[in-house]
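Using our numbering, the letters of the sequence shown map in sequence onto residues 3 to 677. Backbone N, C-alpha and C define an ideal beta-carbon position, used for all residues, glycine too. The model shown is predicted, which means the values in this text are computed figures rather than measured ones. Take a look at the structure below.
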Amino acid sequence: MLTLESYALGAWQRGAGDERILRHAATGEPVAVLGRAELDFAAMLEHGRARGGPALRALTFHQRALMLKALAGYLMDRKETYYALSGATGATRTDAWIDVEGGIGTLFAYAGKGRRELPNDTVYVDGPTEPLSKDGSFVGQHVCTPLRGVAVHINAYNFPCWGILEKLAPTLLAGMPAIIKPASQTAWLTERMFRDIVEAGILPDGSIQLICGGVGDLFDHLDEQDVVTFTGSASTGRHLRQHPRIAARSIRFNMEADSLNAAILGPDAAPGSAEFDLFIREVAREMTVKCGQKCTAIRRAIVPSAHVEAVTQALRERLARVRIGDPDDDTTRMGPLVAVDARDDVLAQVSRLRAGAELVIGDAAPFQADGLAQGAFVRPMVLLADDTTIGAPVHEVEAFGPVASILGYADLDEAVELARRGAGSLVGSVFTGDDDVARALVLGCASHHGRLLVVNREAAPASTGHGSPLPGLVHGGPGRAGGGEELGGIRAVMHYMQRSALQGSPSTLSRVCNVWLPGARRHEDSVHPFRKSFDELALGDCLVTGARTVTLDDVEHFAEFTGDTFYAHMDEAAAAANPFFEGRVAHGYFVVSIAAGLFVDPAPGPVLANYGLEHLRFLQPVYPGDSLRVTLTCKQKTAREGGDHGEVRWDTTVVNQDGAVVAQYDVLTLVARQA
Ligand code: NAP
3 MLTLESYALG AWQRGAGDER ILRHAATGEP VAVLGRAELD FAAMLEHGRA
53 RGGPALRALT FHQRALMLKA LAGYLMDRKE TYYALSGATG ATRTDAWIDV
103 EGGIGTLFAY AGKGRRELPN DTVYVDGPTE PLSKDGSFVG QHVCTPLRGV
153 AVHINAYNFP CWGILEKLAP TLLAGMPAII KPASQTAWLT ERMFRDIVEA
203 GILPDGSIQL ICGGVGDLFD HLDEQDVVTF TGSASTGRHL RQHPRIAARS
253 IRFNMEADSL NAAILGPDAA PGSAEFDLFI REVAREMTVK CGQKCTAIRR
303 AIVPSAHVEA VTQALRERLA RVRIGDPDDD TTRMGPLVAV DARDDVLAQV
353 SRLRAGAELV IGDAAPFQAD GLAQGAFVRP MVLLADDTTI GAPVHEVEAF
403 GPVASILGYA DLDEAVELAR RGAGSLVGSV FTGDDDVARA LVLGCASHHG
453 RLLVVNREAA PASTGHGSPL PGLVHGGPGR AGGGEELGGI RAVMHYMQRS
503 ALQGSPSTLS RVCNVWLPGA RRHEDSVHPF RKSFDELALG DCLVTGARTV
553 TLDDVEHFAE FTGDTFYAHM DEAAAAANPF FEGRVAHGYF VVSIAAGLFV
603 DPAPGPVLAN YGLEHLRFLQ PVYPGDSLRV TLTCKQKTAR EGGDHGEVRW
653 DTTVVNQDGA VVAQYDVLTL VARQA
């Protein structure tokens with residue numbers, strides 16, 4: 003039997019006294035013993051703040067992202083260890099895949115996003131510069147910098163691996179250390195993975211700590227720079243959110259709680275249609291994956307009243323085929339609940355649901371599968387709600403197991419209203435082959451949901467499913483779901499950073515942000531910027547080109563050459579009749595092309611490739627006879643870690659003979675580190 007330990011102040015610490023035996027979900031055999039460690043929580047927070055924080059903040063976003071990638075690879079190599087321990091939590095191999103590889107995949111996803119979407123720097127420049135003065139000498143710029151505290155992550159029992167990794171990835175990427183508190187019930191699996199994370203030696207000292215057991219007086223020592231994220235039941239979440247320290251210090255508190263997620267069958271999706279079958283498959287799958295212990299599982303199946311009977315029958319047939327049993331047996335489709343206590347809780351909640359509903363599939367009783375008398379098994383249970391009014395049990399009670407209720411609706415408005423009576427959900431789904439129905443249901447329900455999945459026969463083959471949170475999409479929901487938000491790509495990184503509005507001169511703010519901002523000083527010297535290597539280039543290095551006059555021949559040549567003979571370039575009368583032009587105009591793409599002809603230095607040199615343009619705007623028409631010049635300014639340099647080249651972004655402004663800007667954009671190039 004394993005004895006679980008906490009990892010505090012850089013060392014493993016074993017609990018003493020007050021032991022709790024954690025049991026195998028299917029066999030009831032003891033798996034691990036959890037002692038209440040006497041941890042110095044104030045010192046743990048201080049350790050994170052004093053050691054982990056500075057070490058993480060010294061790294062750039064890209065260096066942190068590479069750290070996540072290395073860690074993900076290290077854990078992936080050891081995934082079988084986690085699978086081997088997952089059966090004892092009740093998880094089948096498929097269930098464990100979501101937890102183990104889903105969690106490691108989230109680390110990989112953030113490692114990729116961190117390098118693609120964040121700068122190789124320690125400050126994140128958020129949005130465009132705001133002009134604050136007429137002459138451009140005073141501007142505003144938002145930036146995000148890491149919080150100086152510790153992120154305390156409190157997790158639920160159902161995803162012992164994914165739960166820690168989906169929170170850790172954005173936290174570490176932001177540059178913040180974390181203290182992780184897994185749910186006791188499945189802490190052995192989290193502790194095992196955590197040991198590997200420590201042994202990998204990839205994360206800086208002090209950047210992660212683990213609490214197996216209670217959190218003692220930890221909350222009393224939290225500070226305004228700390229963050230608490232909580233995943234679990236609404237009742238525990240509410241209790242923790244009301245901690246006086248959280249209120250007094252305005253400590254960020256993110257809550258992911260239970261929710262009564264709905265799946266709506268569109269009125270067009272009659273029995274026999276592909277969407278009807280997809281709906282049945284998804285409801286049955288959501289009920290049985292992880293034995294229904296998913297915060298995102300479908301709890302309310304909202305279906306046209308005319309199809310209630312057909313839905314009930316189809317679910318009955320589908321659920322009857324689900325083999326319930328030993329989670330380590332490959333033929334098992336649904337394992338047990340996590341523990342006998344959890345089973346008893348599910349059965350108690352089902353009896354509460356029965357106050358307003360009839361149990362139409364399954365029995366509300368323990369079930370012995372595969373001869374495992376001590377296992378926490380139940381059969382899937384479906385109720386048919388008689389009472390669907392506001393406050394009815396079907397909109398209030400979460401049975402955290404393989405339990406769902408069917409609710410009939412008369413029209414789309416009622417379907418939306420029923421979904422909203424869940425008072426805020428993590429996710430909802432809509433099954434319809436009619437895109438107008440999809441729009442009506444999605445716009446009606448979106449205010450009450452963090453994520454909405456729309457399924458039809460076209461989307462179904464590649465659909466990731468109702469219940470799967472994804473690294474790039476927001477996870478969290480309003481109201482009952484906790485009002486929190488996690489994941490959503492780089493959005494989650496910002497939850498661990500402070501956004502500050504900076505005001506000052508463009509040159510000063512350019513230095514602060516490490517990005518050349520419009521209006522900041524430029525430097526022009528005798529060396530063409532394309533002759534400078536990545537390392538030699540400085541922000542603000544610029545080139546002001548000579549002029550080129552655009553002729554009608556140029557416009558006609560470009561039109562014939564490219565095939566773009568749009569009337570505004572070819573027909574004087576038609577162009578003049580256009581409200582934006584006085585006559586024939588040059589193609590915007592011609593302007594961009596001749597701009598390149600003006601600023602490019604042709605000989606081989608450090609500039610290796612042009613890989614795109616961003617933010618291109620044509621701001622004034624260009625007429626034959628206009629004379630154009632370009633100012634090219636080195637705006638941002640992004641070094642590739644360990645690479646022999648970096649990315650250089652050039653602010654590009656094309657002006658006419660009157661100094662009016664006709665085109666504005668960023669040119670993106672790859673430039674060799676050394677000449
Ligand atoms: P829970 O009983 O609320 O426990 C959640 C976490 O809070 C556990 O780590 C628990 O630790 C800890 N905790 C309990 N009391 C605490 C206290 N006084 N101070 C500090 N920490 C405390 O929930 P659960 O039973 O583990 O999880 C099931 C529930 O979580 C379901 O309702 C489900 O819907 C919800 N859930 C939501 C999401 C989501 O993303 N929204 C995801 C998964 C689950 P101990 O285990 O040591 O008590």
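Roughly how many angstroms lie between the CA atoms of P172 and T466, to the nearest whole one? As a working note, residue 172 is residue 170 in the sequence shown. As a working note, residue 466 is residue 464 in the sequence shown. The straight-line gap from Cα to Cα measures roughly 22 Å.
Terminal residues of the beta strand (DSSP E) in which Y9 lies: The residue you call residue 9 lines up with position 7 of the sequence shown. Counting along the chain, the beta strand (DSSP E) containing Y9 begins and ends at 4-10.
Taking 8 Å as the cut-off, is the C-beta of H241 nearer than that to any heavy atom in the ligand NAP? Here residue 241 corresponds to residue number 239 of the sequence shown, with the count starting at 1. At least one heavy atom of the ligand NAP is nearer than 8 Å to the Cβ of H241, so yes.
Determine the extent of the alpha helix (DSSP H) in which H241 is found, giving its start and end residues. The residue you call residue 241 lines up with position 239 of the sequence shown. From DSSP, the alpha helix (DSSP H) with H241 extends over 236-243.
DSSP beta-bridge partners of N612: Counted from its first residue, the sequence shown places residue 612 at position 610. DSSP, once it has assigned bridges, lists T671 as partnering N612.
Identify, in the order they occur along the chain, each residue of the same chain with its Cβ nearer than 7 Å to the Cβ of S353, setting aside the five sequence neighbours on each side. Counting from 1 along the sequence shown, the entry for residue 353 is found at position 351. Cβ neighbours of S353 beyond the five flanking positions: A366.
Rounded straight-line distance, which links the Cα of M289 to that of A299: Along the sequence shown, read from residue 1 onward, the residue named residue 299 stands at position 297. Along the sequence shown, read from residue 1 onward, the residue named residue 289 stands at position 287. In a straight line, the C-alpha of A299 is about 7 Å away from that of M289.
Please classify Y613 as buried or exposed, where buried requires at least 16 other C-beta atoms within 10 Å of its C-beta. Here residue 613 refers to the residue found at position 611 of the sequence shown. It is exposed - the Cβ of Y613 has fewer than 16 other Cβ atoms within 10 Å.
Is it the case that the CB of E119 approaches a heavy atom of the ligand NAP more closely than 8 Å? For the purposes of this step, residue 119 is taken as residue 117 along the sequence shown, with counting starting at 1. For the ligand NAP, not one heavy atom lies less than 8 Å from the Cβ of E119.
Pull up the distance between the alpha-carbon of L472 and that of G239, whole angstroms please. Within the sequence shown, the letter at position 470 stands for residue 472. Within the sequence shown, the letter at position 237 stands for residue 239. Whole-angstrom Cα-Cα distance: 23 Å.
Between H647 and the ligand NAP, is the CB less than 8 Å from at least one heavy atom? To locate residue 647, count along the sequence shown from 1; it is residue 645. No, Cβ of H647 sits at least 8 Å from all heavy atoms of the ligand NAP.
From this set, A111, G55, V456, E558, which residue's C-alpha is nearest K71's C-alpha? Within the sequence shown, the letter at position 69 stands for residue 71. Looking at the Cα atoms, A111 is the closest of the given residues.
Near R320, which residues of its chain fall below 8 Å by C-beta distance, leaving aside the five closest residues on each side in sequence? Within the sequence shown, residue 320 is the residue found at index 318, counting from 1. Around R320: I282, R283, A286.
Which residues in the same chain as R523 place their Cβ atom closer than 7 Å to its Cβ, once the five residues preceding and following it in sequence are excluded? For the purposes of this step, residue 523 is taken as the residue at position 521 of the sequence shown. If we look at R523 and ignore the five residues flanking it on each side, its Cβ neighbours are S509, G542.
Assign T391 to one of two classes, buried (16 or more other C-beta atoms within 10 Å of its C-beta) or exposed (fewer than that). The count along the sequence shown starts at 1 and reaches residue 391 at position 389. T391 is exposed by the Cβ-count criterion.
Does the beta-carbon distance from A60 to L374 come in below 9 Å? Taking the first residue of the sequence shown as position 1, residue 60 is located at position 58. Taking the first residue of the sequence shown as position 1, residue 374 is located at position 372. Not closer than 9 Å, so no.
Distance check for L545 and H530, CA to CA, integer angstroms please. Along the sequence shown, read from residue 1 onward, the residue named residue 530 stands at position 528. Along the sequence shown, read from residue 1 onward, the residue named residue 545 stands at position 543. Going by the C-alpha atoms only, they are around 7 Å apart.
Can you tell me which of A406, L621, S8, R335 puts its alpha carbon nearest to the alpha carbon of L355? Along the sequence shown, one-based indexing puts residue 355 at 353. If we check each option's Cα against that of L355, A406 comes out closest.
Between the Cα of A175 and the Cα atoms of F63, R197, L191, which residue gives the shortest distance? On the sequence shown, residue 175 is found 173 positions in, with the first residue counted as 1. Checking the sequence, you will find Leu at residue 175 rather than Ala. Nearest option by C-alpha distance: F63.
Please classify F232: does DSSP put it in a helix, a strand, or coil? Stepping through the sequence shown from its first residue, residue 232 is reached at position 230. Three-state result, F232: strand.
Three or more beta-carbon pairs under 8 Å between the stretch 92-102 and the stretch 620-627, yes or no? no
Taking 9 Å as the threshold (C-beta atoms), are V340 and T192 in contact? Counting from one through the sequence shown, the residue named residue 192 turns up at place 190. Counting from one through the sequence shown, the residue named residue 340 turns up at place 338. Their beta carbons are not under 9 Å apart, which means T192 does not touch V340 by this criterion.
Buried or exposed: where does M3 fall if 16 or more other Cβ atoms within 10 Å of its Cβ makes it buried? In the sequence shown, residue 3 corresponds to position 1, counting from 1. Looking at its Cβ environment, which holds fewer than 16 other Cβ atoms inside 10 Å, M3 is exposed.
Option in V200, Q211, A264 with minimal Cα separation from P184: Locating residue 184 in the sequence shown gives position 182, where the first residue counts as 1. If we check each option's Cα against that of P184, Q211 comes out closest.
Per DSSP, I300 is paired with what? As a position in the sequence shown, residue 300 is number 298, starting the count at 1. DSSP, once it has assigned bridges, lists N263 as partnering I300.
Using the Cβ count rule (16 or more neighbours within 10 Å means buried), how would you classify Y159? The residue given as residue 159 occupies position 157 in the sequence shown. Flag for Y159 reads buried.
Could you work out which residue in W190, S252, G215 is closest to D225 when comparing CA atoms only? Residue 225 sits at position 223 when you count from the first residue of the sequence shown. The candidate whose alpha carbon is nearest that of D225 is S252.
Short Cβ contact (9 Å threshold) for R117 with A74: For the purposes of this step, residue 117 is taken as the residue at position 115 of the sequence shown. For the purposes of this step, residue 74 is taken as the residue at position 72 of the sequence shown. Going by C-beta atoms, R117 is not nearer than 9 Å to A74.
Please state whether DSSP places M178 in a helix, a strand or coil. For the purposes of this step, residue 178 is taken as the residue at position 176 of the sequence shown. In the structure shown, M178 sits in coil (DSSP, three-state: anything other than H, G, I, E or B).
Cβ atoms of E400 and L262: under 9 Å apart, would you say? The residue labelled residue 262 in the question sits at position 260 within the sequence shown. The residue labelled residue 400 in the question sits at position 398 within the sequence shown. Yes, Cβ-Cβ distance for L262 and E400 is below 9 Å.
Could you check if K136 is buried or exposed, using at least 16 other CB atoms within 10 Å of its CB as the buried criterion? Stepping through the sequence shown from its first residue, residue 136 is reached at position 134. Under this definition K136 is an exposed residue.
Distance check for D437 and L87, CA to CA, integer angstroms please. On the sequence shown, position 85 is the one that residue 87 refers to. On the sequence shown, position 435 is the one that residue 437 refers to. The straight-line gap from Cα to Cα measures roughly 44 Å.
Can you give me the start and stop residues for the alpha helix (DSSP H) that S512 sits inside? Taking the first residue of the sequence shown as position 1, residue 512 is located at position 510. Element bounds for S512: 508-515.
Starting from E419 and walking both ways along the alpha helix (DSSP H), at which residues does that stretch end? Counting from one through the sequence shown, the residue named residue 419 turns up at place 417. Start and end: 414-422.
Compute every distance between the C-beta of A598 and the non-hydrogen atoms of the ligand NAP, then say whether any falls below 8 Å. By one-based count along the sequence shown, residue 598 stands at place 596. Because no heavy atom of the ligand NAP lies under 8 Å away, the Cβ of A598 does not count as near it: no.
Looking only at DSSP bridge pairs, what is H64 linked to? Translated into the one-based positions of the sequence shown, residue 64 becomes position 62. Its beta-bridge partners do not exist; DSSP assigns none.
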